[in-house]
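Since the structure comes first, as structure tokens, the remarks are kept for the end.
Residue numbers (the working numbering): 1165 to 1592.
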């Protein structure tokens, strides 16, 4: 196929149609009327393999500050599972659209821009961060956009995520794609990496500092694998927690100072009532877990920070092993939402409990720069075909996925491609 790269965006010959098959490329910048998407409808809420169905839907229309992105690959994360289940809330309760397209991570190509978009042009290769806001309040102008009343997560709180051939995003969601990564590698990291970045560096004065110790739950997963790498980049020490010995070498290979297997301890779940025999047994096991941390950090050195996301199963222990004046920072509750803890250890030791939710553009861009500069590994473990997208989410729901992060191919026809030219010339 003859390619022209001399003047502006790459041009090539392709027919203009109303609908293209998945993997079939329209002419550069040509926007068809229809597209394929994996949709969820409210009456189908349930496991992803029944909630997600492929449909032909309208290509989204752009507002003045919006960008239409041709999706080359999309990341698989827990947002898709939650959207399918309708938990902790149904996305339809927020956006009221007739169908929901999940997906909060993507790599792709700018395909069309609104008339007020200045920073991006058709043909730019990008990754997308998932925070949206209206941009017109005090928090968006001098504060923290994550505190804006209009803050929402694209692909979960909006109906137009990345599990489609095209996605409509705000221009401020775009960041440069690391050109050394494949399309699928570039698609797998932004949500979890930026979330981990804000958790570790976004909550002063408890922003991570060199030499500190951090306990990282789920150390082999998407969030955990980036947390460990970011902790290393900051000159601090990560203590990873795993649930399967087969994951130990992976976590140590990321640079963890030590690894604990939670199955070696019996102090998980909701806290027993204080001052009961059950509490005494829990306390004994929790101290055993704390002693195992000391074996890594040194006697008496509790962790400065706990990187929390399981929630119900781990929270009582997290608040116990955190040091005096330290912080437990939490971004999810994948094991349950009813959190319990012994508040005496919170107030007497003046510990901070901090909720954290994704990241704003400056934080996401700082994290993305580390990836562009090759300081981080995307830790991509599995790539799925477009047809297998619901199965990928079922693996995540059942905790059967491999360590690291998962992607699904959309317009990229096969794995290993790094440019549009390779897609056009070598994808067949």
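Idealized CB from N, CA, C, for every residue including glycine. Computed from a predicted model, the values in this text were never measured in an experiment.
Inter-residue Cα distance where the pair is residue 1201 and residue 1465 | 51 Å
Going by other Cβ atoms of all chains shown within 10 Å of its Cβ, with 16 needed for buried, is residue 1531 buried or exposed?
-> buried
Given residue 1499, which residues of its chain have a CB within under 6 Å of its CB, disregarding the five upstream and five downstream residues?
-> 1474, 1475, 1476 and 1477
Where residue 1359 falls: helix, strand or coil (DSSP) | helix
What is the residue span of the beta strand (DSSP E) that residue 1553 lies within?
-> Run containing residue 1553: none in the beta strand (DSSP E); it sits in the alpha helix (DSSP H), 1553 to 1561.
Over what stretch of residues does the beta strand (DSSP E) that includes residue 1416 continue unbroken?
-> It is not in any beta strand (DSSP E) - residue 1416 instead sits in the alpha helix (DSSP H) that spans 1412 to 1418.
Are the segment 1287 to 1302 and the segment 1352 to 1372 touching, with three or more C-beta to C-beta distances below 8 Å?
-> yes
What residues match up with residue 1238 in a beta bridge as DSSP calls it?
-> 1270 and 1572
Whole-angstrom distance between residue 1586 and residue 1273, CA atom to CA atom = 14 Å
Is the CB-CB distance between residue 1236 and residue 1372 below 8 Å?
-> no
Can you give the beta carbon distance from residue 1241 to residue 1386, rounded, assuming they're within the 8 Å contact cut?
-> 6 Å
Mark residue 1260 as exposed unless 16 or more other C-beta atoms lie within 10 angstroms of its C-beta, in which case mark it buried.
-> exposed
Give a yes or no on whether the C-beta atoms belonging to residue 1247 and residue 1317 are separated by under 8 Å.
-> no
Reference residue 1348; option with closest CA among 1511, 1333, 1271 and 1517 | 1271
Kindly provide the ranges of any beta strand (DSSP E) runs that are 3 or more residues long and lie completely inside the segment 1171 to 1231, ordered along the chain.
-> 1198 to 1204 and 1216 to 1222
CA nearest to the CA of residue 1399, picked from 1216, 1419 and 1389 | 1419
Determine the contact status of residue 1221 and residue 1199, defining contact as a CB-CB distance below 8 Å.
-> yes
Quick one: using the 10 Å Cβ neighbour count with 16 as the cut-off for buried, is residue 1512 buried or exposed?
-> exposed
Compute the Euclidean distance between the alpha carbons of residue 1219 and residue 1265, then round it to the nearest angstrom.
-> 10 Å
Can you give me the start and stop residues for the alpha helix (DSSP H) that residue 1532 sits inside?
-> 1525 to 1536
Using CA coordinates, which residue listed in 1174, 1346 and 1253 is at the minimum distance from residue 1536?
-> 1346
Would you kindly report the start and end of the unbroken alpha helix (DSSP H) that includes residue 1472?
-> Residue 1472 -> not in any alpha helix (DSSP H); beta strand (DSSP E) instead, spanning 1467 to 1472.
Ordered along the chain, which non-local residues of its own chain (more than five positions away) have a Cβ less than 8 Å from that of residue 1509?
-> 1483, 1484 and 1515
Between residue 1376 and residue 1472, what straight-line distance do the alpha-carbon atoms span, to the nearest angstrom?
-> 16 Å
Can you give me the start and stop residues for the beta strand (DSSP E) that residue 1424 sits inside?
-> 1422 to 1425
Evaluate residue 1593 with the Cβ neighbour count: other Cβ atoms within 10 Å of its Cβ, from every protein chain shown; 16 or more gives buried, anything less gives exposed.
-> With the chain running from 1165 to 1592 in the structure shown, residue 1593 is simply not present.
Do the segment 1422 to 1439 and the segment 1394 to 1412 make contact, defined as three or more Cβ pairs closer than 8 Å?
-> yes
Span of the alpha helix (DSSP H), counted from its first residue to its last, around residue 1387 = 1386 to 1397
Using a Cβ-Cβ cut-off of 7 Å (strictly less than) and excluding sequence neighbours within five positions of residue 1538, which residues of its own chain qualify?
-> 1344
Nonlocal neighbours in the same chain, by C-beta distance under 7 Å from residue 1374, ignoring five residues either side = 1398, 1399 and 1400
In or out: residue 1322 buried (at least 16 other Cβ within 10 Å) or exposed?
-> buried
List the DSSP bridge partners of residue 1404.
-> 1380 and 1423
Endpoints, beta strand (DSSP E) assigned at residue 1331 = 1330 to 1334
With DSSP run on the structure shown, which of helix, strand or coil describes residue 1305?
-> coil
Sequence-distant residues of its chain with Cβ nearer than 7 Å to residue 1404 (five each side left out) = 1380, 1383, 1388, 1392, 1415, 1420 and 1423
So the beta strand (DSSP E) residue 1516 belongs to, where does it begin and stop?
-> 1516 to 1519
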